Amino acid sequence: MSQAPNENPSCPGKRDKHEARRDFLKQSSALMALALTPPLVVKAGEHDETIAGLFEKMPVSLEVNGKAYQLSVEPRVTLLDLLREQLNLTGTKKGCDHGQCGACTVHVNGQRINSCLTLAVMQEGKKITTIEGLAQGDTLHPVQEAFIKHDGFQCGYCTPGQIMSAVACIREGHAGSPEEIREFMSGNICRCGAYDNIVAAITAVKQGGHTV
Amino acid sequence: MNQFSYVRPASQQAAIDALTKDKSARFIAGGTNLLDLMKNGVVAPEKLVDINRLPLKSITLNNNTLHIGALTLNSEVAAHTLVTTRHPLLSQALLAGASQQLRNMATTGGNMMQRTRCSYFYDITMPCNKRTPGSGCSAIGGINRMHAIFGASDQCIAVHPSDMCIALAALDATVLVAGPKGNRRIPFGEFHRLPGNTPDKDNNLGKGELITGIDIPASPFTQNIYYLKVRDRASYAFALVSVAAALDISNNTIRSARLAMGGVAHKPWRLHEAEKALIGKTPTIENFRIAATVATQSARTYKHNAFKVPMAQNSLVTALSKAAAV
């Protein structure tokens with residue numbers, strides 16, 4: 001879904017420009033991080049107690065979209081920033097960064113959460129699924145297909161979060177009626193106002209009996 | 001966000017020790033309020049003590065008392081059969097709060113520990129006695145549409161935003177606490193504080209004290225209950241006014257009643273006098289109106305929130321009517 005804007009003929013080449021800017025930002029922030037990080041060794045704890053000091057990074061092992069990662073992060077790095085900045089998984093969006101918009105929604109051990117309001121170090125040992133992990137190769141997830149078919153987005157910025165939330169909403173059993181869908185999707189804001197079409201997409205997947 | 005050290009203690013005692021030793025340390029559970037406050041620079045702890053690995057995640061029934069471990073998620077509590085059958089008011093209140101994503105992160109203890117707050121508390125460029133004691137209250141002479149109508153002081157008029165806590169106040173829950181001096185039990189109504197001259201203190205927990213869980217006693221309030229939340233949009237917004245109503249009705253007579261309100265005070269606002277006014281009465285709109293008038297007698301309003309008094313009265317009547325199905 002993150003490539004959907006490319007299919008819009010009105011903005012050819014947009015993705016390339018964005019990627020160039022993104023790579024520049026990544027390079028410069030990596031250099032900056034290198035310059036600022038003191039060469040301290042992380043001590044992973046005695047008696048099962050894990051500790052990271054004020055300027056220390058600490059090891060984090062987690063699985064993202066089926067792939068195991070062993071990473072080193074500052075305690076203050078959110079899961080959202082880890083996904084976007086360290087793993088290059090920029091499908092998960094930073095909207096408000098305060099848990100108010102839902103653009104950063106990912107699944108942790110199968111449950112949807114706001115990745116902006118949790119620390120990466122708190123996710124030790126967890127299994128994370130992002131929008132990049134939904135499709136099976138070139139076959140889109142039924143909810144991704146439905147969002148395209150029912151025109152469940154305009155600008156697309158909230159869409160990865162909407163789709164991750166929608167998949168969880170159906171799996172939880174909270175997609176029984178348009179009213180229930182609206183209530184249980186209320187943590188995902190769409191400022192283009194594609195709500196009617198989002199509800200239609202979720203309803204179609206639910207009624208279609210697809211395995212999500 | 002400020003830099004901080006991070007510790008993940010392996011035992012409850014180690015967690016309490018870590019907080020007792022370090023003045024600026026904070027526990028972190030779901031993090032949904034704490035990290036938000038840290039991103040805004042409202043608080044800047046130097047150490048976070050991650051309690052998520054402690055064995056405080058459970059929902060059990062012991063001698064008819066429902067015990068909910070402090071780390072049980074809001075979504076887990078809302079959906080649990082023991083809660084939906086024995087204390088459906090709590091389930092309704094939880095589902096009225098936040099979004100499903102946040103309920104999948106927020107814990108029972110963390111919900112109680114979320115700050116009583118207003119937009120001036122969050123705006124670090126403005127005076128706020130809660131954030132910086134003695135600096136003044138920007139809300140009293142400012143935009144105070146969302147603010148308290150009960151129990152406020154000339155220091156602070158912010159409201160507690162929880163829905164879960166309103167139901168727990170109505171259900172006479174008990175807060176279980178462990179700390180450097182041992183364990184203690186706090187009646188729910190005595191857990192949170194009114195602002196008085198110390199609006200920086202939201203509750204009566206001491207340094208190093210950790211909420212381990214809550215107990216909810218058996219109650220007759222399984223049928224005639226309703227949680228009403230009135231807000232600016234249909235879902236995912238703080239309450240302007242919320243009402244937890246529970247009635248025990250037999251032979252068309254109210255045997256006992258529980259009423260608490262949210263969005264109106266610095267702490268969950270229990271309405272004891274209005275409850276008394278309902279006992280022995282028939283469940284009618286007229287009697288609910290009388291109780292609602294009793295409930296709002298001590299209301300005091302500010303420039304922009306006078307609407308909350310009739311809204312509170314009407315909300316009480318509506319919630320009681322829904323609870324009694326009249």
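Which chain is which? The protein sequence lines are A and B, in order. Position 210 (the first sequence) corresponds to 210 in UniProt numbering; numbering is contiguous. Position 57 (the second sequence) corresponds to 57 in UniProt numbering; numbering is contiguous. C-beta atoms are modelled at their ideal positions from N, C-alpha and C, and glycine is treated no differently. Keep in mind it's a predicted model, so treat the numbers as computed, not measured.
Residue-chain proximity (Asp97 of chain A, chain B), Cβ-Cβ < 8 Å: Between Asp97 of chain A and chain B, the shortest Cβ-Cβ separation is below 8 Å.
Cβ-based neighbour list, residue 344 of chain B, same chain, cut-off 6 Å, excluding 5 preceding and 5 following: No answer is possible for residue 344 of chain B: the residues shown for chain B start at 1 and end at 326.
Run of the beta strand (DSSP E) containing Arg103 of chain B, from where it starts to where it stops: Unbroken run through Arg103 of chain B is the alpha helix (DSSP H), Gln100 to Arg103; no beta strand (DSSP E).
Inter-residue CB distance, Leu194 of chain B and Ala245 of chain B (contact presumed, cutoff 8 Å): Between Ala245 of chain B and Leu194 of chain B the Cβ distance is about 23 Å, and since that is not below 8 Å, they are no contact.
Nearest candidate by alpha-carbon position, reference Ile186 of chain B, set B:Asn197, B:Asn251, B:Thr198 and B:Ala173: The shortest CA-to-CA distance from Ile186 of chain B to any of B:Asn197, B:Asn251, B:Thr198 and B:Ala173 is the one to B:Ala173.
Beta-carbon proximity list for Val212 of chain A, same chain, < 8 Å, skipping 5 on both sides: His141, Pro142, Val143, Val167, Ile170, Arg171 and Val205, listed in sequence order.
Residues near Ile16 of chain B by beta carbon distance below 7 Å, same chain, minus five either side: Only residues of its own chain outside the window of five on either side were considered, and among them Ala178, Gly179, Pro180, Gly208 and Leu210 have a CB closer than 7 Å to the CB of Ile16 of chain B, listed in chain order.
Neighbour flag for Ser186 of chain A against chain B, beta carbons, 8 Å: yes
Interface residues of the stretch 157–171 of chain A facing chain B [CB-CB below 8 Å]: For the stretch 157–171 of chain A, which is checked against every Cβ of chain B, the residues closer than 8 Å are Ser165, Ala168 and Cys169.
Residues of the stretch 11–45 of chain B with Cβ closer than 7 Å to any Cβ of chain A, in chain order: Ala14, Gly31, Thr32, Leu35, Asp36 and Lys39
8 Å Cβ cutoff, Arg84 of chain A in contact with chain B: Taking a beta-carbon distance threshold of 8 Å, Arg84 of chain A does not count as an interface residue toward chain B.
Near-chain A residues of the stretch 50–66 of chain B - C-beta to any C-beta below 9 Å: Asp50, Asn52 and Arg53
C-beta neighbour in chain A for Leu90 of chain B, strict 8 Å: Closer than 8 Å: no.
Local Cβ density within 10 Å of Asp154 of chain B, reported as buried at 16 or more and exposed below that: exposed
Top-ranked residue by Cα proximity to Gln111 of chain A, from B:Ala239, B:Gln114, B:Arg115 and B:Met105: B:Met105
Beta carbon of Gly30 of chain B nearer than 8 Å to that of Gly110 of chain B: yes
N- and C-terminal bounds of the alpha helix (DSSP H) containing Asn89 of chain B: Correcting the residue identity first, residue 89 of chain B is Leu in this sequence and not Asn. Leu89 of chain B -> alpha helix (DSSP H) spans Pro88 to Ala96.
3-residue-minimum beta strand (DSSP E) runs that sit fully inside the stretch 20–75 of chain B, ordered along the chain: 25–28, 47–50, 59–62 and 65–69
Beta-carbon proximity of Leu73 of chain B to Thr107 of chain B, cut-off 8 Å: yes
Residue burial classification, residue 352 of chain B (beta-carbon count within 10 angstroms, cutoff 16): In the structure as shown, chain B begins at 1 and stops at 326. Residue 352 of chain B is therefore absent and cannot be evaluated.
Beta-ladder partner(s) of Thr107 of chain B, from DSSP: B:Leu73
Beta-carbon spacing of Val42 of chain B, Ile124 of chain B below 8 Å: Yes, the Cβ-Cβ distance between Val42 of chain B and Ile124 of chain B is below 8 Å.
Pairwise C-alpha distance: Phe55 of chain A and Ser5 of chain B: Cα to Cα, the separation comes out at about 8 Å.
Neighbour flag for Leu54 of chain A against chain B, beta carbons, 8 Å: Leu54 of chain A counts as touching chain B.
Of the residues B:Phe121, B:His147 and B:Ala148, the one placed nearest Ser135 of chain B, counting alpha carbons only: B:Phe121
Closest by C-alpha distance to Gly152 of chain A, when choosing among A:Gly137, A:Cys192 and A:Thr139: A:Cys192
Separation of Val243 of chain B from Leu316 of chain B, as counted between CA atoms: Taking the CA atoms as reference points, Leu316 of chain B sits about 6 Å from Val243 of chain B.
CB of Leu271 of chain B within 8 Å of CB of Met261 of chain B, strictly: yes
Own chain residues within Cβ distance below 7 Å of Val199 of chain A, not counting five before or after: Correct list, in chain order: Pro178, Ile181 and Arg182.
Buried/exposed call for Pro217 of chain B, threshold 16 Cβ in 10 Å: exposed
DSSP state of Pro187 of chain B mapped onto helix, strand, coil: strand
Any chain B beta carbon closer than 8 Å to Thr211 of chain A: no
6 Å CB neighbourhood of Asn40 of chain B in its chain, flanking five on each side removed: Tyr122
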